[in-house]
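Student:
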Amino acid sequence: MSSELPPRPRVAAPRRALTRLAGVTVLAGALVVGASAAAVAAPGPSADASSPSATASAAQRIDAATRPPRTTHGPCAYTETPDEPAARPVPLPPDPRRTPSRGTVRVTLATNHGPIGLTLDRAAAPCTVQSFLHLVGKRFYDRTSCHRLTAYPTLSVLQCGDPSGTGEGGPGYRYRDELPTDLPPAPTDPTGERRVYARGVLAMANAGPDTNGSQFFLVYANSALRPNYTIFGEVDAAGLATLDRIAAGGVAPTAEDPAPVDGAPALPVTIRKAVRAHHHH
1227 MSSELPPRPR
1237 VAAPRRALTR
1247 LAGVTVLAGA
1257 LVVGASAAAV
1267 AAPGPSADAS
1277 SPSATASAAQ
1287 RIDAATRPPR
1297 TTHGPCAYTE
1307 TPDEPAARPV
1317 PLPPDPRRTP
1327 SRGTVRVTLA
1337 TNHGPIGLTL
1347 DRAAAPCTVQ
1357 SFLHLVGKRF
1367 YDRTSCHRLT
1377 AYPTLSVLQC
1387 GDPSGTGEGG
1397 PGYRYRDELP
1407 TDLPPAPTDP
1417 TGERRVYARG
1427 VLAMANAGPD
1437 TNGSQFFLVY
1447 ANSALRPNYT
1457 IFGEVDAAGL
1467 ATLDRIAAGG
1477 VAPTAEDPAP
1487 VDGAPALPVT
1497 IRKAVRAHHH
1507 H
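Be aware that the sequence shown starts at 1227, since it is given in my numbering, and climbs by one per residue.
#1: Would you check if the distance between the CB atom of A1433 and the CB atom of P1341 is smaller than 7 Å?
#2: Given that a residue counts as buried once 16 or more other Cβ atoms are within 10 Å of its Cβ, and exposed if not, what is L1253?
#3: For Q1441 and H1504, I'd like the C-alpha separation in whole angstroms.
#4: DSSP on V1252, reduced to helix/strand/coil?
#5: List the endpoints of the continuous beta strand (DSSP E) containing F1443.
#6: Which one of G1475, P1294, T1292, P1319 has the shortest CA to CA distance from Y1304?
#7: For P1352, name the three-state secondary structure that DSSP assigns.
#8: So, does the region 1292 to 1311 touch the region 1456 to 1471, judging by three or more C-beta pairs under 8 Å?
#9: Leaving out the 5 sequence neighbours to the left and right, which residues in its chain are closer than 7 Å to A1275 when beta-carbon positions are compared?
#10: Rounded to whole angstroms, what is the Cα-Cα separation between R1365 and P1416?
#11: What separation, rounded to the nearest whole angstrom, lies between the Cα atoms of R1328 and D1347?
#12: By Cβ distance below 6 Å, which residues in the same chain neighbour P1301 in space, the five residues on each side in sequence not counted?
#13: To test your reading of the DSSP string, which unbroken alpha helix (DSSP H) runs of 4 or more residues are found completely within the region 1451 to 1498?
#14: First and last residue of the beta strand (DSSP E) that includes S1382?
#15: Determine the closest residue to L1509 out of T1414, V1331, A1313, R1471, with distance taken between C-alpha atoms.
#16: Give me the Cα-Cα distance between D1408 and E1460, rounded to the nearest whole angstrom.
#17: Applying the 10 Å Cβ sphere with the 16-neighbour rule, what's the burial state of T1337?
#18: Enumerated in chain order, which unbroken segments of the beta strand (DSSP E) with a length of 3 residues or greater are wholly contained in the region 1357 to 1408?
#19: Looking only at its own chain, which residues have a Cβ that is under 7 Å from the Cβ of T1345, when we skip the five neighbours before and after it?
#20: To which residues of the same chain is S1277 closer than 7 Å at the C-beta, ignoring the five residues directly before and after it?
#21: Would you please verify whether the beta carbon of I1472 is less than 7 Å from any beta carbon of chain B?
#22: Please classify A1490: is it buried, with 16 or more other beta-carbons within 10 angstroms of its beta-carbon, or exposed?
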């Protein structure tokens, strides 16, 4: 089971389990790579171990394992994750010394349920926007599924951005958080630790501090989360209508849980294409 999906809360003690889910483990473990992704690097069974190409690929694997991970030299310091290879091959993003940090950029996710328009905010999260646009430009998100829908009273999101569709895949690199500092406290949380991630927020999923990759989530109803997730834009009105249709379908039931509130969307969601608008605001 993917560590990205937290254990189902038991009916007898939903409150404690839900607190843990909404705070610590939710949207975490997003970039743990499963065996299938790691196996891509291994030579096929037909490769003759003594052939020059097999020897070269073995040498490359040893080199990748022994040399330090590559990191870009600009302020964003995108860093390779050799232990978590890319779910779909993509180079490290550009990392100019003067990362664009003003203005907005429009991206449309063309899905099988309708368009989801996004406005990316460079001022809020310059390195995140730069990485996201890089992945859009490399068609990393094209023909990918949104693998997770949650329908808790305090967590209502659709999570996307993993080409493997498992919740364990990423782009083969990570980068630092650009966390929000001005979110209002969540009225549902008496501890004051959680903040409101409002309906329409676009934010990065992660597997702990400074582990951003390619997975992101779209908030379709106000949610209560610790402010540990980078917000880098918002969903437009047409996109929210699309999200509402997806959310109305609910979470796909399983044999273990006939009425789940966290799991694959019952209406499968495919991002057919992610397209950047080529005029700046």
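Glycine included, each C-beta is placed from N, C-alpha and C at the ideal position.
Tutor: So, from the data block:
#1: no
#2: Low confidence applies here, because L1253 scores a pLDDT of 42, under 50, leaving its location unreliable; read the following figure in that light. It is buried - the Cβ of L1253 has at least 16 other Cβ atoms within 10 Å.
#3: The alpha-carbon of Q1441 is positioned some 23 Å away from that of H1504.
#4: With a pLDDT of only 42 at V1252, under 50, the local geometry of the prediction cannot be trusted, and the value read off the model is given with reservation. If DSSP states are grouped into helix, strand and coil, V1252 belongs with coil.
#5: 1442 to 1447
#6: Y1304 has its Cα closest to that of P1319, out of G1475, P1294, T1292, P1319.
#7: helix
#8: no
#9: Because A1275 carries a pLDDT of 39, less than 50, the predicted location of this residue cannot be relied on, and no value is offered for it.
#10: Distance between the alpha carbons of R1365 and P1416: 43 Å.
#11: 8 Å
#12: T1325
#13: 1463 to 1474
#14: 1382 to 1386
#15: Residue 1509 cannot be examined here, being either before or after the span of the chain that is shown, 1227 to 1507.
#16: 16 Å
#17: buried
#18: 1374 to 1376, 1382 to 1386
#19: T1330, R1332, G1459, E1460, D1462
#20: Confidence in S1277 is poor, its pLDDT being 44 and thus under 50, which makes the residue's placement too unreliable to answer from.
#21: Structure shown: chain B not included; a single protein chain is present.
#22: Classified as buried, A1490 has 16 or more neighbouring CB atoms from the shown chains inside 10 Å of its CB.
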